[in-house]
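Read through the structure below, which is laid out as structure tokens, and then see the notes.
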Amino acid sequence: MQAHACGPGCGYDSNTRLLLEQKDDMRRRAAASPDQSDAVALTFAKPVVQHAGFSRRLVYPQLGVA
Numbered sequence: 040m041q042a043h044a045c046g047p048g049c050g051y052d053s054n055t056r057l058l059l060e061q062k063d064d065m066r067r068r069a070a071a072s073p074d075q076s077d078a079v080a081l082t083f084a085k086p087v088v089q090h091a092g093f094s095r096r097l098v099y100p101q102l103g104v105a
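Read in order, the letters of the sequence shown correspond to residues 40 to 105 in our numbering.
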């Protein structure tokens, strides 16, 4: 797991923003893909939008067993 998390390299763009290495570039240099680390990070991600303005309510039919 640590190898996947530490696999991507990083750099800076012209606005001094931190950039992570793209997966295609990682494949070219035969580094492990960080898919497992991405999954772990997304497990603890919080929603970006608290309320997106959707007012549709999901209604499920009552399926009783007779």
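Yeah, the Cβ is synthetic: ideal placement off N, Cα and C, and Gly gets one too.
Range of the contiguous beta strand (DSSP E) that encloses residue i
i: L97; result: No beta strand (DSSP E) holds L97; DSSP gives it neither H nor E.
i: G50; result: C49 to Y51
Close beta carbons around residue i, own chain, < 6 angstroms, minus the five adjacent residues each side
i: A70; result: G46
Residue range of the unbroken alpha helix (DSSP H) whose run includes residue i
i: R66; result: K62 to R67
i: T82; result: D74 to T82
i: A42; result: Q41 to C45
7 angstroms Cβ cutoff met for residue i and residue j
i: L58; j: D64; result: no
Beta-carbon contacts of residue i that lie in its chain and below 8 angstroms, excluding the five residues immediately before and after
i: D7; result: No answer is possible for residue 7: it lies beyond the span of the chain, which begins at 40 and ends at 105.
Own chain residues within Cβ distance below 7 angstroms of residue i, not counting five before or after
i: R56; result: none
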